[in-house]
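So the structure is just underneath, and the comments pick up after that.
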Ligand code: G6P
């Protein structure tokens, strides 16, 4: 939620900031702005506008020699989408960018009598006024920051300019993510994530919470709130700029859909030894899997739907009770877990605030928390007892695709391991399943070849108001993700239904032409599923059938048949997911929408 960047060094800051913001836009795209030292003197200029980063370019100077500035792309929380509410916010000597929420902004306004200084409806401007209040006392940036954060309740990643300190940027964070980097040839950066500056440097560190960071062209100083120097732990990004670019694809989403086979191979290969699941490279000992009585999977959004698939798979195969909890519900409910419970936390970004807080709560009950995370060294990865990183590379499109399938693949492997540890799966059975999983990337490639067929059929979907995804068992769990993909990027109301449940209500919504994506890949319930499909077809639904049948020509079953490669039932989820992603993508494109930046959404949700 909201992307921030700061740069000071040898390059022209405006270019660095705007290029960085365009790569952070997945975090929010309601408005954008930059603040910089004009002509590198003690004078802050601000350019900002409602709209996207491309709109910001048009309100900026053509030539701008400034080499120090901060930039922001916003996902509105407090106050509507307007240029006044756009960041940076300026009060007195201070210009501030902020990702997060100052929860006690009203109390701060009253306590320090800041009301007259505010022009916007944002909590951030209160933060700027508070910093200015303290800075006016002794003109000491670090002391002003220390005093301000002592007053603020909530989450924040702040980037700050003080007008009489050209060339310097200050930063501090709590909960909201922030990384920093320095290259003596280029300069110093802060940003919400490394994609913002990956073009310039691949060495970075995660800014510790409540550390005061001072950036200058000569380096970065980090100290704790008591003024003790901290030595940052530098890391190297294992991907380069091309991974964060479209690489010839019209959208990031389509590129990421196509990257899935490789992403799965990269993710599972290091966790397979001698044909069996092995998490020793992740530092997860066999003991971790032993004596587990139940499993709770916690996540939000697509990661939660990946959890649904994992749960169904583990529960059905191992007979272990598995619960999936929506993170925002888990954290305010009474957890029914203890030391024998394994908690699996799933998050692409590793920063989703509800998931992070749910993890913190779960840790009060059990020492067996394991996260499945894509972004290295993110908060959830650092705070869980164990982390299994997915190796999907950066996922930029707001609608998650490759992160989902690598999460599912990782959960399958964890399931095999749990099965072995509990004696519920023999070595031979585990080996067979690992082999089936290893074969999935090739089958997903086969499914990707149906792209044009899917594109064609979505012409029947673009005018729909509603769509239904139906299935039984694992197919129903994938259907949930399929429905989410369609609704989030095409704005068509879409619902997933357990096919057997249709006749208890939802079938009343089926009328002529309503698209129904019917998934029939679970052989034990195949005939039942076909009967359910006939029920909607009899009511004139436009049925797209996804099944392992070679061909279905029966018009009483479907209008379009997408035949997927024949793999064991459980593993069809990977093929089905690809088709559902393509259906969502091409429906969005067919409607003339931007699938990468759907309205009102953001990729990284760091507010509750
Ligand atoms: C947002 C994104 C989704 C994502 C969800 C959870 O809603 O738009 O794509 O699935 O957050 O994010 P996480 O990073 O925790 O997987």
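Numbering (the numbering used here), first residue to last: 20 to 627.
Backbone N, C-alpha and C fix where the C-beta goes; we use that ideal spot for every residue, glycine too.
On a predicted model such as this, the values are computed, not experimentally measured, just so you know.
Test item: CB-CB of residue i and residue j under 8 Å
i           : j           : result
residue 484 : residue 584 : no
residue 93  : residue 49  : yes
residue 306 : residue 316 : no
residue 59  : residue 87  : yes
residue 387 : residue 410 : no
residue 107 : residue 116 : yes
residue 417 : residue 265 : no
residue 150 : residue 163 : yes
residue 54  : residue 37  : no
residue 429 : residue 407 : yes
residue 579 : residue 476 : yes
residue 374 : residue 399 : yes
residue 503 : residue 324 : yes
residue 536 : residue 556 : no
residue 42  : residue 190 : no
residue 72  : residue 51  : yes
residue 402 : residue 196 : no
residue 626 : residue 391 : no
residue 140 : residue 97  : yes
residue 236 : residue 186 : yes
residue 332 : residue 431 : yes
residue 101 : residue 69  : yes
residue 188 : residue 460 : no
residue 238 : residue 209 : no
residue 630 : residue 363 : Here the chain covers residues 20 to 627 and nothing more, so residue 630 does not appear.
residue 501 : residue 515 : yes
residue 319 : residue 360 : no
residue 334 : residue 328 : no
residue 111 : residue 77  : no
residue 367 : residue 440 : no
residue 200 : residue 222 : yes
residue 182 : residue 63  : yes
Distance cut-off 7 Å: residue i Cβ against heavy atoms of the ligand G6P
i           : result
residue 322 : yes
residue 381 : no
residue 418 : yes
residue 622 : yes
residue 596 : no
residue 318 : yes
residue 616 : no
residue 371 : yes
residue 286 : no
residue 138 : no
residue 156 : no
residue 367 : yes
residue 374 : yes
Counterpart residues of residue i in DSSP-defined beta bridges
i           : result
residue 64  : 55
residue 116 : 178
residue 485 : 512
residue 296 : 291
residue 539 : 566
residue 450 : In DSSP, residue 450 forms no bridge with anything.
residue 87  : 27
residue 193 : 175
residue 317 : 344 and 364
residue 202 : 206
residue 504 : Per DSSP, none; premise fails for residue 504.
residue 388 : 362
Nearest-angstrom Cβ-Cβ length linking residue i and residue j, presumed shorter than 8 Å
i           : j           : result
residue 218 : residue 412 : About 16 Å; that fails the 8 Å criterion.
residue 538 : residue 494 : 4 Å
residue 498 : residue 510 : Their Cβ separation, rounded to whole angstroms, is 19 Å, which puts residue 498 and residue 510 out of contact at 8 Å.
residue 540 : residue 591 : 4 Å
residue 598 : residue 466 : 6 Å
residue 606 : residue 505 : 6 Å
residue 326 : residue 343 : 5 Å
residue 496 : residue 548 : Between residue 548 and residue 496 the Cβ distance is about 14 Å, and since that is not below 8 Å, they are no contact.
residue 225 : residue 396 : 5 Å
residue 176 : residue 27  : Contact flag wrong, Cβ pair sits at about 17 Å.
residue 260 : residue 230 : Residue 260 to residue 230, Cβ: 28 Å. No contact.
Distance cut-off 7 Å: residue i Cβ against heavy atoms of the ligand MN
i          : result
residue 96 : This structure lacks the ligand MN; the ligands present are the ligand G6P.
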